[in-house]
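The next block holds one structure in the form of structure tokens; read it before the comments.
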Amino acid sequence: MDITRQPADDPIMLKSAGDMEATVKTHAITVAEFDRMVEAGVYGPEDRIELIDGQLIDVPPQGAPHFGTLTRFEHRLRAAFGTRAQVRGQGPLPLGADSQPEPDVALVRWNERFYSDAHPSVQETYAVVEIAYSSLQFDRGVKRRIYGAGRVPEYWIVDLGAETIEIYREPHDLGYAPPAIFRRGQSVAFAAFPDVLFSVDELLG
């Protein structure tokens with residue numbers, strides 16, 4: 017009996033393990049399943065995760081530039097819109113059956129109960145905003161695709177590195193039409209509220 021060959025070195029075993037690894041399938045989670053997990057206490061507020069394309073994605077920790085800009089955005093928008101629209105910070109937004117991202121800011125229809133009965137739908141959403149510091153590639157790629165495919169009317173990316181605001185409109189299955197890019201010294205407005213202007217400088221700080 018040859019005892020010099022360890023089981024892990026057996027080419028037949030290696031092939032079998034490789035075949036098994038190649039055929040392993042992950043279980044895609046639906047929005048309904050994820051919500052039930054949250055209600056059951058499997059995930060809590062301290063677990064910063066998003067459901068994207070049926071997969072749970074870890075949200076990176078927020079640095080000071082990201083959180084400061086997010087806080088400034090929420091403050092400016094709430095002061096400007098009052099009860100014309102509601103401003104939600106990092107709240108769930110269901111998009112179809114398998115995605116429920118949590119945009120940094122969502123501008124939604126006013127709701128007297130502040131959506132305590134159910135998260136706002138796409139039909140109740142005017143626009144979403146992502147503050148991009150370390151997440152720019154993901155926000156321009158995956159997030160742009162799922163927001164567009166979900167028919168969110170308007171999507172803003174605040175690029176902290178370039179100090180610009182990218183505004184995407186005309187959603188379609190693959191994302192949006194090419195963005196308009198605004199820099200310091202210019203003004204921006206949401207399509208649903210063209211009379212409410214913000215300077216890029218006041219939003220970026």
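Using the working numbering, read the sequence shown as starting at 17 and increasing by one per residue. Glycine included, every Cβ here is placed at the ideal spot set by N, Cα and C. Quick caveat, the model's predicted, so the values are computed rather than measured.
Within the same chain, show all residues whose beta-carbon is closer than 8 Å to that of Gly79, passing over the 5 residues directly before and after it, in chain order. Against the sequence shown, residue 79 aligns to sequence position 63. Cβ neighbours of Gly79 beyond the five flanking positions: Tyr149, Ser150.
Could you give the distance in angstroms between the alpha-carbon of Ala101 and the alpha-carbon of Ala44? Counted from its first residue, the sequence shown places residue 101 at position 85. Counted from its first residue, the sequence shown places residue 44 at position 28. Straight-line Cα distance between these residues: approximately 34 Å.
First through last residue of the beta strand (DSSP E) which encompasses Phe198: Taking the sequence shown and counting its residues from 1, one reaches residue 198 at position 182. Phe198 -> beta strand (DSSP E) spans 196-199.
Determine the contact status of Ile183 and Pro169, defining contact as a CB-CB distance below 7 Å. Here residue 183 corresponds to residue number 167 of the sequence shown, with the count starting at 1. Here residue 169 corresponds to residue number 153 of the sequence shown, with the count starting at 1. Taking 7 Å as the Cβ cut-off, Ile183 and Pro169 do not qualify as a contacting pair.
Residues near Ala38 by beta carbon distance below 7 Å, same chain, minus five either side: The sequence position of residue 38 within the sequence shown is 22, counting from 1. With a pLDDT of only 48 at Ala38, under 50, the local geometry of the prediction cannot be trusted, and the value read off the model is given with reservation. So no residue of the chain qualifies.
Check whether the segment 196-210 touches the segment 67-81, counting contact only when three or more Cβ pairs, one atom from each stretch, lie closer than 8 Å. no
What is the rounded straight-line gap between the Cα of Val8 and the Cα of Phe206? Here the chain has residues from 17 to 221 only, and residue 8 is not among them.
Beta bridge counterpart(s) of Asp74 as assigned by DSSP: Residue 74 sits at position 58 when you count from the first residue of the sequence shown. DSSP, once it has assigned bridges, lists Ile65 as partnering Asp74.
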